[in-house]
Amino acid sequence: MQSRHVLPAWFGVGHALSRFIAHDPQNLNLLKTMVREFPMFAALLSNTETGLAKSDMEIARQYAALVSDAELRERVFTMIEEEYNLSVSMLLQITGQTRLLERNAPLEESIRLRNPYVDPMSLMQLELLRRKRAGEESDSLNTALAATINGIAAGLRNTG
6 MQSRHVLPAW FGVGHALSRF IAHDPQNLNL LKTMVREFPM FAALLSNTET
56 GLAKSDMEIA RQYAALVSDA ELRERVFTMI EEEYNLSVSM LLQITGQTRL
106 LERNAPLEES IRLRNPYVDP MSLMQLELLR RKRAGEESDS LNTALAATIN
156 GIAAGLRNTG
């Protein structure tokens, strides 16, 4: 959550759904039926959608920039970003929505309102992490870093 990837909530979902549809294009209709008639599948997609909506690939990219090995960073982040885009695409295709959280206005509004407050904390945290990785050590740096961890967790309404 701190890095705004939220990977456990959605990573692999787009790949699995696209492979299922590629195996038999009629499976798209099956998935659409399942989302309407099978509450557990609908809940699974709803939880996935929430994770995707809480992700912020622009902020996540800045955290990824902390990885010093440029080739590794680009390879891994490109894979994550492609899977994010595929997951969004598959979810929208199956649910018939045009955007994430189209049917969950309160959560959509909550995320829209909170990001302007949480994003600056993420940017501060990134700078503090850069300084710590560069070897800077002080109680004030550690205190500030801990404050950003707590602030981001509270702002995102998540424990980590």
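Numbering-wise (the working numbering), the sequence shown opens with residue 6 and increments by one.
Glycine is no exception: its CB is placed at the ideal position from the N, C-alpha and C atoms.
Bear in mind the structure is a predicted one, so any value in this text is a computation, not a measurement.
A direct Cα-to-Cα measurement between N52 and T148 gives close to 33 Å.
A straight line joining the alpha-carbon of E54 with that of G156 spans about 24 Å.
At a cut-off of 3 residues, not a single continuous stretch assigned as beta strand (DSSP E) sits fully inside the stretch 100-150. In this structure, DSSP gives V72 a state outside helix and strand, which the three-state scheme calls coil. Pairwise C-beta distances place the stretch 14-32 in contact with the stretch 84-95, as three or more of them are shorter than 8 Å. Put simply, the backbone Cα of E132 is about 10 Å away from that of R138. Setting aside the 5 residues that flank it on each side, R135 is surrounded in the same chain by L71, each with a C-beta closer than 8 Å to its C-beta; the list follows chain order.
Take L106, set aside five residues on each side of it, and the residues of its chain with a beta-carbon closer than 6 Å to its own are A58, L112, E113, in chain order. In this chain, G17 is not harboured by any alpha helix (DSSP H), its DSSP state being neither H nor E.
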